[in-house]
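Participant: Using my numbering, you'd call the opening residue of the sequence shown number 113 and step up by one each time. Glycine is no exception: its CB is placed at the ideal position from the N, C-alpha and C atoms. These figures come from a predicted structure and were not determined experimentally. Input: one structure, supplied below.
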Amino acid sequence: SASDALFSNPCPNGGSCRPMCDTFQCDCPLGFDGDRCQKAITETIEIPQFIGRSYLTYDQPEVIKRVSGSRSNIFMRFRTVAKDGLLLWRGDHSMRVNSDFISLGLQDGALVFSYNLGSGAMAVMVNGSFHDGRWHRVKAVRDGQSGKLTVDDYGAKTGRSPGLMRQLNINGAVYVGGMKEIALHTQRRYMRGLVGCISHLTLSTDHHVSLVEDATDGKNINTCGAK
Numbered sequence: 113s114a115s116d117a118l119f120s121n122p123c124p125n126g127g128s129c130r131p132m133c134d135t136f137q138c139d140c141p142l143g144f145d146g147d148r149c150q151k152a153i154t155e156t157i158e159i160p161q162f163i164g165r166s167y168l169t170y171d172q173p174e175v176i177k178r179v180s181g182s183r184s185n186i187f188m189r190f191r192t193v194a195k196d197g198l199l200l201w202r203g204d205h206s207m208r209v210n211s212d213f214i215s216l217g218l219q220d221g222a223l224v225f226s227y228n229l230g231s232g233a234m235a236v237m238v239n240g241s242f243h244d245g246r247w248h249r250v251k252a253v254r255d256g257q258s259g260k261l262t263v264d265d266y267g268a269k270t271g272r273s274p275g276l277m278r279q280l281n282i283n284g285a286v287y288v289g290g291m292k293e294i295a296l297h298t299q300r301r302y303m304r305g306l307v308g309c310i311s312h313l314t315l316s317t318d319h320h321v322s323l324v325e326d327a328t329d330g331k332n333i334n335t336c337g338a339k
């Protein structure tokens, strides 16, 4: 049963067991894969694949400082066949009603760039069906309250957050492709992570993130295209 499985921990190599009615799923740490985390991943993962309950975490100062303050500039490529999924999130450890956050993701096939600087949330949306399995380029730029979202070098949309706040003040890590307890931490803006791949994450136009190599934590990550 699920409770017996949890007691005996069928997920070795640092995996954690997630009960599912009368069965279970394993959430595997970086470097391991398989339905029971039994398989070591030996090759370097250049382009990570996410399965909807995956994530990568970054808390290095050079990453953190580029996703806060008065300006943010985020670029990445992604591909997915699922119409909903989180691409990037940074928020406070414990989110309250008007907590600062910044996020990028897919909602019903559209791309949404959203943030709250402390005086109300703002969302810029580029409509489309970006869950077509092809690679798409997305650029999300914030300068003070003003936000701009561009997909595949066209379809730029702009917006502005309400109130007077201009700075993004956050104490949490940067999450890519999903996060732990996603519905809770995003206040149900997102119910699951990306099902697909992400590459070419660049912050402030000058900081290229090695997605897996630079990650301080992660779950359920394999190479893009792996079964």
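Whole angstroms is fine: what's the gap from L315's alpha carbon to E293's?
Facilitator: 25 Å
Participant: Roughly how many angstroms separate the alpha carbons of E174 and T328, rounded to a whole number?
Facilitator: 13 Å
Participant: What do you get for M188, buried or exposed, if any count of 16 or more other CB atoms within 10 angstroms of its CB means buried?
Facilitator: buried
Participant: Just confirm the distance between the C-beta atoms of S166 and I282, as a whole number of angstroms; I'd bet it's less than 8 Å.
Facilitator: About 22 Å; that fails the 8 Å criterion.
Participant: Any idea if A268 is buried or exposed, counting beta-carbon neighbours within 10 angstroms, 16 or more meaning buried?
Facilitator: exposed
Participant: Which residue spans inside the stretch 225–311 form an unbroken alpha helix (DSSP H) run of at least 4?
Facilitator: Segments of the alpha helix (DSSP H) lying fully in the stretch 225–311: 294–297.
Participant: Would the stretch 235–251 and the stretch 183–201 be scored as touching if the rule is three or more Cβ pairs under 8 Å?
Facilitator: yes
Participant: Could you tell me whether any non-hydrogen atom of the ligand GDP is closer than 7 Å to the CB of M303?
Facilitator: With respect to the ligand GDP, the structure offers nothing, as it holds no ligand at all.
Participant: How should G330 be labelled, buried or exposed, when 16 other C-beta atoms within 10 angstroms of its C-beta is the threshold for buried?
Facilitator: buried
Participant: For I163, name the three-state secondary structure that DSSP assigns.
Facilitator: In the three-state reduction of the DSSP assignment, I163 falls in the strand class.
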